[in-house]
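Notes follow the structure.
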Amino acid sequence: MLRNAPDDEIKDLMRQLSKVAGLNLTEERIENDLPQFRVQLGWIETLNSFHLPLESQPSPATHLRPGRKDAKK
Amino acid sequence: MTHDELVYLTIADASELIRTKQLSAVTLLHAVLHQIEAVDDKVHAYITVAAEEAMSAAKAADREIQKKSYRGPLHGIPMAVKDTHYTAGIRTTVATPILADFVPDFDASVIERIKDAGGVLVGKLNLPEFSFGGATPGTRNPWELSRTPGGSSGGSGAALAAGMTLGATGGDTSGSIRGPASYCGVVGLKPTYGLVSRFGIAAISHSLDHVGPMTRTVEDNALLLSVLVGHDPRDRSSAEVPLPNYKKAIGRKVKGMKVGIPAAAQLEGCHADVLVAFHEAVAVYEKLGVKIKEIELPFMKESEAVQRVIRISEAASYHETFLKHQPNAYGPSNVRRDVELGSMITAVQYLRAQKIRVPITAAFERAFGQLDALLTPAEAEPAGERRQAAYNFLSYFNLLGNPALALPCGFSTSPPGLPLGLQIVARPFADHITYRLGHAYQRATPWHQRRPKL
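As structure tokens, this is what we get:
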């Protein structure tokens, strides 16, 4: 499981992911964040083990409402 | 009336005295401001006390009431709000150095509603940086000053318990209204998602954030919710639904209602005092004629991972600009760490979490079945004790969006004298059912009437 991978491997992951996210974390930040990143990887593993059918759709946070003719622009 | 009697008035009682001109808004405000001066150097609930603005509002309230322009039960009532709520002309710090000098030029929707109802805004209450966390650094629990009031609405819970406001608001993403309510011996509602507008409130996680009332009694909570609710087109998640009369739920009988409690195995690890108080609360309801049924809450373990991934991804989105342009300006908390890591969650992972939310919600609805409500412990331990419970009964309902009310249900014996909380959960938009059950419980028990010795 990724969350049990050696520190070097996890840190490399964090460097790459932070670059993609536009953050470019320093080594100090990577060191600081590493333990919690392992915890986060554990959450992702839990999500990955949940079976979802192909037709699954995400829960919507907002719903469309019928438009009103008198709605303010 | 003594000073203590004044500052510990319920909103219901104070509003009646004000309406009938037996008490002025100015007198009540003076008492609350005096209480803040007397005890807040020990409790540290307030970030900002807006005494001048409050006095102007109290005088205006008294003038209006003299002219027979009474606005309703919140008219002239001292109120305080979590310092995530934008208040025009009054700094809104969100307890972060990044926003230490931020003064909004508009009010949050809930602030507008409080002011329209004639509420007297006393000040802004403490929270952990950006509302992250189950503690409120700097604020102390009035019941035991060496202990936490909980978080993130810890300032709100502490201010109410210490008589430094008659009503307050909080925000709840993972239990942040109900946790402090439980630890501080007050009442807090996480309303149905979308019931109270989040417009003008600093966010953590847009699909998990809720804003709600915090008070010392269930009746007061219903009065305050009645002011806060209503569709707001400025909040895209704001519900447009018919609203029940929350005040009418107060005093309705509960005999014959069907209420679920978690299966015994799901209460494993709760503090012994919490379990005793919870089962005693269940016995109170049985004596009131409520029918109790044990049910298993589905996917509790999975729901924690789902809630955390959603929360931290959405938080990272909110913090995108701060992280890119002011990363070193965060305070000494874990906020920066958490949103850096949230930025590393992929879109597919986030959407998987949002997909899993749907079958969890459906499974809960099946388990809930024909019940009217569910009872659980609120926090699983008294303030400051080590968390050992198997499951989190608070954040589960942020994921589902159901209304959930926390109210006092006893005091601990080991350690002694710390409040314990009960949680009542109802169907979406049946917030009034939590009030019906909560008020019936408070009529039968004395816990909400106790006061800390400060």
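Same order as they appear, the protein sequences are chains A and B. Going by our numbering, the first residue of the first sequence is number 4, and it counts up by one from there. Going by our numbering, the first residue of the second sequence is number 493, and it counts up by one from there. Every residue gets a Cβ at the ideal spot worked out from N, C-alpha and C, and that includes glycine. None of the values given here were measured: they were computed from a predicted structure.
Where residue i falls, given that 16 or more other Cβ within 10 Å makes a residue buried
i	result
B:Val710	buried
B:Gln846	buried
A:Glu12	exposed
A:Met17	buried
B:Ser548	exposed
A:Lys76	With a pLDDT of 45 at A:Lys76, under the threshold of 50, the predicted position of this residue should be treated as unreliable, though the coordinate-derived value follows. Exposed: under 16 other Cβ atoms inside 10 Å.
B:Met656	buried
B:Ala574	For the sequence presented, residue 574 of chain B should be read as Lys rather than Ala. Looking at its Cβ environment, which holds 16 or more other Cβ atoms inside 10 Å, B:Lys574 is buried.
B:Arg942	exposed
A:Pro52	A small fix is needed here, since residue 52 of chain A is Ser in this sequence, not Pro. By the neighbour-count rule (16 or more Cβ atoms within 10 Å), A:Ser52 is not buried but exposed.
B:Phe594	exposed
B:Val679	buried
B:Pro938	exposed
B:Asp533	exposed
B:Glu806	buried
B:Pro824	exposed
B:Ala600	buried
Cβ-Cβ separation, residue j to residue i (assumed contact under 8 Å), whole Å
i	j	result
B:Val774	B:Leu867	6 Å
B:Val602	B:His577	6 Å
B:Asp701	B:Gly663	6 Å
B:Val768	B:Glu873	No, B:Val768 and B:Glu873 are not in contact; Cβ-Cβ is about 13 Å, not under 8 Å.
B:Lys682	B:Leu863	B:Lys682 to B:Leu863, Cβ: 19 Å. No contact.
B:Ala695	B:Ala537	Not quite, the Cβ-Cβ distance comes to about 23 Å (not below 8 Å), so this is no contact.
B:Leu914	B:Phe770	7 Å
B:Ile557	B:Gly568	7 Å
B:Ala898	B:Ala918	Their Cβ separation, rounded to whole angstroms, is 13 Å, which puts B:Ala898 and B:Ala918 out of contact at 8 Å.
B:Ala948	B:Phe791	Residue coverage of chain B in this structure runs from 493 to 946, which leaves residue 948 of chain B outside it and unanswerable.
Beta-carbon gap between residue i and residue j smaller than 7 Å
i	j	result
B:Leu658	B:Ala506	yes
B:Leu780	B:Pro754	no
B:Leu637	B:Ala572	no
B:Ala839	B:Asn633	no
B:Pro641	B:Pro629	no
B:Gln841	A:Ile33	no
B:Ala543	B:Leu525	yes
A:Leu20	B:Met706	no
B:Val535	B:Ala650	yes
B:Val949	B:Phe921	Within the shown structure, residues of chain B are numbered from 493 to 946, placing residue 949 of chain B beyond reach of any answer.
B:Ala936	B:Val776	yes
A:Gln60	B:Leu833	no
B:Gln758	B:Tyr883	yes
Test: residue i CB closer than 7 Å to a CB of chain D
i	result
B:Val518	Within the model displayed, chain D is absent; protein chains A and B are what it includes.
For residue i, the residue or residues it bridges with in DSSP
i	result
B:His702	B:Asp664
B:Ile582	B:Thr579
B:Ile693	B:His577
B:Gly682	Note that residue 682 of chain B is Lys in the sequence shown here, rather than Gly. Answer is B:Ala896.
B:Pro911	B:Phe903
**Study point:** Any alpha helix (DSSP H) of 4 or more consecutive residues that is wholly inside the region 708 to 768 of chain B
**Key:** Whole alpha helix (DSSP H) segments, 4+ residues: 710 to 720, 738 to 741.
Check your understanding: If you scan the region 595 to 668 of chain B from start to end, which runs of the alpha helix (DSSP H) of 4 or more residues do you find wholly inside it?
Key -> 601 to 608, 646 to 653
Review point. Can you list, in chain order, the stretches of the beta strand (DSSP E) that have 3 or more residues and sit fully within the region 833 to 880 of chain B?
Key: The region 833 to 880 of chain B contains these whole beta strand (DSSP E) runs: 865 to 869.
Point to revise | Runs of alpha helix (DSSP H) lying entirely within the region 513 to 567 of chain B, each at least 4 residues, in chain order | key: Complete alpha helix (DSSP H) runs here, min 4: 517 to 535, 543 to 558.
Exercise for review: Enumerate, from N- to C-terminal direction, the unbroken beta strand (DSSP E) stretches of 3 or more residues contained entirely within the region 773 to 842 of chain B.
Suggested key: 783 to 787
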